[in-house]
Amino acid sequence: MKIKLKSEEVKVFYKDFQALHGIDIDIYENRVTALIGPSGCGKSTFLRTINRLNELIQGTKTEGRIYLDQKDIYSAEIDVVALRKKVGMVFQKPSVFPMSIYENVAYGPKIHGIKNKAQLDSIVEKSLIAANLWQEVKERVHKPAAGLSGGQQQRLVIARVLAVEPEVILMDEPASALDPISTSKLEELIGELKKNYTIVIVTHNMQQAARVSDYTGFFLNGELIEYSKTKELFVNPRDKRTEDYITGRFG
Amino acid sequence: MKRNKINERLVEILLRVSASASVLAIIIITFFIFYKGIPLLAKVGIIDFLFNLNWNPTKGSFGIGAMVIGSLAVTLSSLIWSVPLGIMTAILMAEIAPPKFSGILSRLVELLAGIPSVVYGFFGLIVIVPMIRNYLGGVGLSVLAGAIVLGIMILPTIINISRDAINAVPEEYKVNSLALGATHYQSISRVILPAARSGIITAIVLGLGRAIGETMAVLMVTGNSAVIPDSLLSPVRTMTSNIVLEMGYAAGDHQAALFATGTVLFVFIVILNLAVSISMKAGTEDGN
Ligand SMILES: Nc1ncnc2c1ncn2[C@@H]1O[C@H](COP(=O)(O)OP(=O)(O)OP(=O)(O)O)[C@@H](O)[C@H]1O
Ligand SMILES: [Mg+2]
Chain A
175 MKIKLKSEEV
185 KVFYKDFQAL
195 HGIDIDIYEN
205 RVTALIGPSG
215 CGKSTFLRTI
225 NRLNELIQGT
235 KTEGRIYLDQ
245 KDIYSAEIDV
255 VALRKKVGMV
265 FQKPSVFPMS
275 IYENVAYGPK
285 IHGIKNKAQL
295 DSIVEKSLIA
305 ANLWQEVKER
315 VHKPAAGLSG
325 GQQQRLVIAR
335 VLAVEPEVIL
345 MDEPASALDP
355 ISTSKLEELI
365 GELKKNYTIV
375 IVTHNMQQAA
385 RVSDYTGFFL
395 NGELIEYSKT
405 KELFVNPRDK
415 RTEDYITGRF
425 G
Chain B
856 MKRNKINERL
866 VEILLRVSAS
876 ASVLAIIIIT
886 FFIFYKGIPL
896 LAKVGIIDFL
906 FNLNWNPTKG
916 SFGIGAMVIG
926 SLAVTLSSLI
936 WSVPLGIMTA
946 ILMAEIAPPK
956 FSGILSRLVE
966 LLAGIPSVVY
976 GFFGLIVIVP
986 MIRNYLGGVG
996 LSVLAGAIVL
1006 GIMILPTIIN
1016 ISRDAINAVP
1026 EEYKVNSLAL
1036 GATHYQSISR
1046 VILPAARSGI
1056 ITAIVLGLGR
1066 AIGETMAVLM
1076 VTGNSAVIPD
1086 SLLSPVRTMT
1096 SNIVLEMGYA
1106 AGDHQAALFA
1116 TGTVLFVFIV
1126 ILNLAVSISM
1136 KAGTEDGN
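Chains A and B are the protein sequences, given in the same order. Going by our numbering, the first sequence opens with residue 175, and the numbers climb by one from there. Going by our numbering, the second sequence opens with residue 856, and the numbers climb by one from there.
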């Protein structure tokens, strides 16, 4: 199995506060990797090191190395724009741009230089189909995206990411604002997407991690305590702290 | 407990009285302007009054066409340069400059806003008018001088309101755009500015309103001849200047004609304000 992403000794500081204490993890291609752990343990922080979004926050410092296809994404010759094109991100709260559904999805391809209308049309349709949203919106793709429901907006955001044709998709609690039906639709979608993408998902919902992921990492206080196949981690945790967490004894 | 109640009641009454007083003042002024202006408008005819180029009030011809054109010429030529400059400054302050620098800039803009218009006029008269005369020709008192002075005067309005509109755009838009691989400048031009559009339009319209209503500074630098300007270097007279220049000696129909000019300005400003509320409403609707 190919390693898509590899992190070595990743440390992140917010001014004086150290949020990550050296994370080493291998993330496999075309697999879903779930990151779990109590609030404030550094899951989102770690996710944001992978597309270098932490750099936007004043006063952060990142140490260590992250390799995407064996290339260190923190080395000087890496173009952040190209990196973010390859590593897409879905946030906790879907944030659709105040424009039409079509324009939201076409946004990425347009900034990356695609101008041909027919080509854009086909990308938009393909992405919406892949995000399981096409059937619901095909009659109104030129209507404002703000008119969609929360679950639809989250799938729209995913379509917007897919339109850029990334290789890795980072998802930070993508279902936390969704109702059960939208959540199960999203989980189904994740199952389909992993055929073509490598997915890293942060979730607070243990059942969800168990359902959708192949690998699971347990974070605690800025450290990766345990990382293994999802089944193993949930059935046979090696570390006492993992066991306490997944059985709900703390966190 | 009981005293609190009474206090509250007193405050409420005080607020109501002050609100009514200001509303009453507005109503009285409005009524007065219309009352004095409408009869002459009716007599001359609105179309004739607005478009006739012959202003000779002592001989009974009341056409403010030249002044309407004068006001538009000075106002539009001031907006042409101050709108782009103001919006770019707002973008710099809200998005690009470090907070400390933005803070300093913000102070300076406030300072600019606080300078009385006669000082701007004086500056224009002493500095800009001679410069135009020496380098570009003509008498110096001109559309161009008015455009420069007015443009500076409305910059604070445009900068402040545009900046607030840009700052009000949710941070997530930017983060999402960057996460999709957009550069900072792409994010500004394709997401942030469109999202701030209605606020920026408001800024422009308010700047326009301020420009068209400004009197003192314009009066001092534009030369005030009541003819249609044939270039940026010709002198012009605006509607507001016209009122100030002639109100001292006007009587009868002449005075009424000045009030009618005021009525025209008033209606114009009301239309602008309506445009602002409509654009703001449109903004809240197509945002989230
Ligand atoms: N912008 C920031 N500035 C300062 N400290 C931060 C910032 N963002 C996160 N932190 C701190 O870093 C630590 C890790 O935060 P992070 O958001 O990565 O946690 P998390 O595991 O994603 O939590 P949650 O499950 O609640 O989302 C927390 O202690 C948090 O307070
Ligand atoms: Mg988080």
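We put the beta carbon where it would ideally sit given N, CA and C, even for glycine.
- For valine 866 of chain B, the three-state secondary structure derived from DSSP is helix.
- Taking a Cβ-Cβ cut-off of 9 Å, the neighbours of phenylalanine 271 of chain A in chain B comprise Tyr1028, Asn1031, Ser1032, Arg1045, Val1046, Pro1049, Ala1050, given in sequence order.
- For the pair glycine 1068 of chain B and leucine 1120 of chain B, the CB atoms are nearer than the 8 Å cut-off.
- Using a Cβ-Cβ cut-off of 7 Å, leucine 963 of chain B is close to nothing in chain A; its nearest Cβ partner there is about 24 Å away.
- A direct Cα-Cα distance of roughly 21 Å separates glycine 196 of chain A from alanine 250 of chain A.
- In the DSSP assignment, serine 301 of chain A falls within the unbroken alpha helix (DSSP H) covering 291-304.
- Distance check between arginine 334 of chain A and each of B:Ser1044, B:Val929, B:Leu1035 places B:Leu1035 closest, using alpha-carbon atoms only.
- Taking 7 Å as the cut-off, one finds no heavy atom of ligand 2 near enough to the beta carbon of lysine 1136 of chain B.
- For the region 226-255 of chain A, the set of positions with a beta-carbon nearer than 8 Å to some beta-carbon of chain B reads Leu227, Leu230, Val255 in chain order.
- Sixteen is the threshold: when 16 or more other Cβ atoms of the shown chains lie within 10 Å of the Cβ of glycine 925 of chain B, as they do, the residue is buried.
- Put simply, the backbone Cα of glycine 941 of chain B is about 14 Å away from that of serine 957 of chain B.
- Looking at the DSSP output, methionine 263 of chain A shares a beta bridge with A:Leu344.
- Exposure of threonine 1038 of chain B is indicated by the presence of fewer than 16 other C-beta atoms within 10 angstroms of its C-beta.
- Not one heavy atom of ligand 1 sits closer than 7 Å to the Cβ of threonine 390 of chain A.
- For the C-beta of lysine 259 of chain A, the chain B residues within less than 7 Å are, from N- to C-terminus, Gly1036.
- Contacts with chain B at 8 Å (Cβ-Cβ) do not include phenylalanine 220 of chain A.
- According to the DSSP assignment, serine 402 of chain A belongs to the beta strand (DSSP E) that extends over 397-403.
- Counting C-beta pairs with one atom in each stretch, the region 996-1003 of chain B and the region 921-937 of chain B have three or more that are closer than 8 Å, which means they touch.
- If the five residues before and after lysine 259 of chain A are omitted, its C-beta is found closer than 6 Å to the C-beta atoms of Val338, all from its own chain and listed in chain order.
- Short note on serine 218 of chain A: C-beta closer than 7 Å to some heavy atom of ligand 2.
- Under the three-state reduction of DSSP, alanine 193 of chain A is assigned to strand.
- CA-to-CA, the gap between serine 1089 of chain B and glycine 1078 of chain B works out to about 8 Å.
- Residue ranges of uninterrupted alpha helix (DSSP H) with 4 or more members, entirely inside the region 997-1047 of chain B and ordered along the chain, are 998-1022, 1026-1034, 1039-1042.
- Fewer than three pairs of CB atoms, one per stretch, sit closer than 8 Å, so the region 982-995 of chain B makes no contact with the region 910-923 of chain B.
- The region 306-322 of chain A and the region 270-288 of chain A touch, with three or more beta-carbon pairs separated by less than 8 Å.
- Taking a Cβ-Cβ threshold of 9 Å, none of the residues of chain A is close to proline 971 of chain B; the smallest such distance is about 39 Å.
- Exclusion of the five residues before and after lysine 284 of chain A leaves Leu294 as the residues of its chain whose Cβ lies within less than 8 Å of its Cβ.
- For the region 1050-1084 of chain B, the residues whose beta carbon sits under 7 Å from a beta carbon of chain A are, in order, Ala1050.
- Per DSSP, leucine 209 of chain A is not a residue of any alpha helix (DSSP H); the beta strand (DSSP E) it occupies stretches across 206-210.
- Val331, Arg334, Val335, Val338: these are the residues of the region 328-352 of chain A whose beta carbon lies less than 8 Å from some beta carbon of chain B, given in chain order.
- Considering only B:Leu927, B:Pro912, B:Asp903, the residue with the shortest C-alpha distance to leucine 1087 of chain B is B:Leu927.
- Under the three-state reduction of DSSP output, arginine 239 of chain A falls in the strand class.
- Looking at the DSSP output, tyrosine 389 of chain A bridges to A:Thr207, A:Lys403.
- Between tyrosine 281 of chain A and chain B, the shortest Cβ-Cβ separation is below 8 Å.
- With respect to chain A, the C-beta atom of glutamine 1110 of chain B has no partner C-beta closer than 8 Å.
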